[in-house]
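Numbering (the numbering used here), first residue to last: 7 to 660.
Every residue, glycine too, gets a C-beta built ideally from N, C-alpha and C.
Structure first, then comments.
Below, the structure written as structure tokens:
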């Protein structure tokens, strides 16, 4: 068997979940198509999803097409749940990007397609809702070429567009116009086809279809299908395209075990269940399996088969399954041999945060446990505890996500919680260069180690880097064995310490260099270095100084031209910096930058100013210094800047 792990992605309300239902129905997995509005779909299983009519968590279902097993992953469409989409991307063999034939290309559609193209994930485009009044496939195809990718080819025509009788007719070898358009597109990436095209020779239709499949598999070309998930029009042609044009994966079941955990949930008894895509090898029940940095015994295995997860003795390469027994598993953990999956984040991290407090003080412990469980399922919410104000903070993408978390706490954990006003997550950057050192044996240094550190700015986006400028003999190798081990251990302490800078924000774009190192053999231990490093580092950082920087989003706004004046006034009030507008008939487009904390307000105002016709696309772009008094973030641990407090805290530790 071959396996195709397929993602269904779209802007919210484009019909993604409805298409999933239609595919399952066409494959014979379900006998009746569920309704998003009625909350009866196969993939929106959460009560909250059914009530709101949106997908919040990714869900996996399976169906067979010939000799190909399709594991279909339905993903959220709302931008507040983009982290859920991010986790799915690393396990996909291909994707279907759903676009509405009425609303056309929307903001989230552009974000998703940019990432799909950057990761070179083979993608088909499905223009949905051709049966709806106002559907215009030609307009959508033009918008796809303009805003998503020029390398798109329509695979059929639509008759009865905009009516319940809309039908889709696939193009074939007798359609000369389609063959010519296909040859023209394929020639851009194939010199052989280009030569034949220039010479005027007609290529056999079978050759063109083979070239289309090859270029689609390489994410160079994107076939576009049209249809209706509600009526089923065009869905059969799309299914044919899935198996003909997207690369199915056989996998090496006898190779070394290698996979990725992309989702974690809790079972009825509170046990962790890991969703795993296995790229090679075979995982069997009772196997000892290395996940992340630990080894666990697999107690049960389920494989997605014919619509649902069924218990099996083994999970083979190429498939998606659920594993029990991995008690310490976290989302993103490698299974077996780690793979090089590129950047950790395909989308920008959340730029907002909010404080969460229980309405009843006695629920504090229950709230902490509930938020910890939610953080397991979504690590980017980054739960942190403020020991000073006795509050918990969550990172967020938007207000809808906050509302969903609040409802989830009440529905799933019985905890009523209040959320404070959403604020922006800032960062700190070194303002200059600073150095500090502590010498073993000197008054005030209770540790059996010498350490000197220099802190200086690094290029934007470089994170935190640790370098060495000391002789090898100064490093206690009898403790660390190798220079690399010393650098790795110290680097971990440095990065952890810099999670809270002088103003309480994470320090980024920072180069830290070890300028002094010393020890007293055999008294010096790794603990001495580990506890001394935060003191030295924060002293050096204080001398360097930091600049607090806030997140700025780049936006693109499209709206009716007659709304340009009111929109300009709103942008000015929100602190946005717009560029030069582009006018196209009755529509105008505008690029610019806006503080991250004002994006939600802009989105709300845009809807009212344009009667719902405005489209806003916004994504994190960069950080820039905050004007005026820099905002402070409450620290959530003992502050190494306060030497006496830090040492007193350590003296009370084991």
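Close Cβ partners of residue i (< 7 Å) along its chain, the five nearest in sequence each way excluded
i: residue 253; result: 99, 100, 128 and 223
i: residue 108; result: 135, 138, 140 and 141
i: residue 199; result: 189, 192, 193, 209 and 217
i: residue 616; result: 565, 566 and 569
i: residue 622; result: 113, 561, 563, 608, 609 and 612
i: residue 472; result: 493, 496, 497, 500 and 518
Rounded C-alpha distance that separates residue i from residue j
i: residue 578; j: residue 215; result: 52 Å
i: residue 549; j: residue 335; result: 40 Å
i: residue 169; j: residue 137; result: 5 Å
i: residue 593; j: residue 566; result: 4 Å
i: residue 469; j: residue 513; result: 8 Å
i: residue 582; j: residue 635; result: 20 Å
i: residue 626; j: residue 155; result: 21 Å
i: residue 509; j: residue 461; result: 16 Å
i: residue 562; j: residue 586; result: 11 Å
i: residue 628; j: residue 611; result: 24 Å
i: residue 289; j: residue 418; result: 32 Å
i: residue 531; j: residue 75; result: 55 Å
i: residue 348; j: residue 126; result: The pLDDT assigned to residue 348 is 49, lower than 50, so where the model puts this residue is not dependable; a value taken from the coordinates is nonetheless given after this. Rounded to the nearest angstrom, the two C-alpha atoms are 12 Å apart.
i: residue 243; j: residue 133; result: 12 Å
i: residue 48; j: residue 236; result: Below a pLDDT of 50, predicted positions are generally treated as unreliable, and residue 48, at 49, falls in that range; the measurement from the model is reported next regardless. The straight-line gap from Cα to Cα measures roughly 15 Å.
i: residue 292; j: residue 280; result: 15 Å
i: residue 184; j: residue 174; result: 15 Å
i: residue 350; j: residue 96; result: With a pLDDT of only 49 at residue 350, under 50, the local geometry of the prediction cannot be trusted, and no value is derived from it.
i: residue 186; j: residue 202; result: 12 Å
i: residue 56; j: residue 78; result: Low confidence applies to residue 56: its pLDDT is 46, below 50, so where it sits in the model is not reliable, and the reading given next is rough at best. The straight-line gap from Cα to Cα measures roughly 19 Å.
i: residue 8; j: residue 73; result: 7 Å
i: residue 50; j: residue 269; result: With a pLDDT of only 43 at residue 50, under 50, the local geometry of the prediction cannot be trusted, and no value is derived from it.
i: residue 20; j: residue 104; result: 6 Å
i: residue 152; j: residue 16; result: 17 Å
Residue i Cβ short of 8 Å to the ligand SAM heavy atom set
i: residue 183; result: This structure lacks the ligand SAM, and indeed carries no ligand of any kind.
Cut-off 6 Å between Cβ atoms - residues of its own chain near residue i, not counting five sequence neighbours on either side
i: residue 331; result: 302, 303, 304 and 305
i: residue 486; result: 492
i: residue 433; result: 511, 512, 514, 555 and 629
i: residue 603; result: 430
i: residue 273; result: 279
i: residue 149; result: 110 and 111
i: residue 653; result: none
i: residue 536; result: 499
i: residue 541; result: 646
Limits of the alpha helix (DSSP H) - the one that residue i falls within
i: residue 345; result: Taken as a continuous stretch (DSSP letters only), residue 345 belongs to no alpha helix (DSSP H), as it is neither H nor E.
i: residue 547; result: 532–550
i: residue 495; result: 489–503
i: residue 123; result: 113–124
i: residue 579; result: 570–579
i: residue 25; result: 22–32
i: residue 140; result: It is not in any alpha helix (DSSP H) - residue 140 carries neither H nor E in the DSSP assignment.
i: residue 614; result: 605–615
Where the beta strand (DSSP E) containing residue i begins and where it ends
i: residue 71; result: 65–71
i: residue 398; result: 397–402
i: residue 314; result: 314–318
i: residue 8; result: 8–16
i: residue 628; result: 621–631
i: residue 359; result: 358–364
i: residue 521; result: 516–525
i: residue 135; result: Taken as a continuous stretch (DSSP letters only), residue 135 belongs to no beta strand (DSSP E), as it is neither H nor E.
i: residue 308; result: 306–311
i: residue 301; result: 300–303
i: residue 693; result: Nothing in the structure corresponds to residue 693, since the chain is present only between 7 and 660.
i: residue 599; result: 593–601
i: residue 79; result: 74–80
i: residue 100; result: 100–106
Proximal residues to residue i (C-beta, below 8 Å), its chain only, five neighbours per side dropped
i: residue 247; result: 130, 161, 229 and 231
i: residue 54; result: Residue placement at residue 54 is flagged as unreliable, the pLDDT there being 45, under the threshold of 50; a coordinate-derived value is accordingly withheld.
i: residue 398; result: 361, 362, 363, 373, 374, 377, 389, 390, 391 and 392
i: residue 83; result: In this predicted model, residue 83 has a pLDDT of only 49, less than 50, meaning its place in the structure is not dependable enough to derive any value.
Test: residue i CB closer than 9 Å to a CB of chain D
i: residue 541; result: Included in the structure is just one protein chain, with no chain D present.
Segment contact, 8 Å Cβ cut-off, at least three pairs: the stretch 567–586 with the stretch 474–491: no
Threshold first: 3 residues or longer. Then list the beta strand (DSSP E) segments lying entirely within the stretch 214–292, N to C. 228–232, 264–272, 278–286 and 288–290
Ordered list of beta strand (DSSP E) runs contained in the stretch 154–213, each at least 3 residues: Secondary structure within the stretch 154–213: the beta strand (DSSP E) runs of 3 or more consecutive residues, fully enclosed, are 158–160, 162–165 and 173–176 (chain order).
Assess contact between the stretch 517–534 and the stretch 435–452, defined as three or more Cβ pairs (one per stretch) separated by less than 8 Å. Is contact present? yes
Could you name each continuous alpha helix (DSSP H) segment of 4 residues or more that falls completely within the stretch 441–489, going from the start of the chain to the end? You should have 483–486.
Contiguous beta strand (DSSP E) assignments of at least 3 residues, all confined to the stretch 408–432: 423–425
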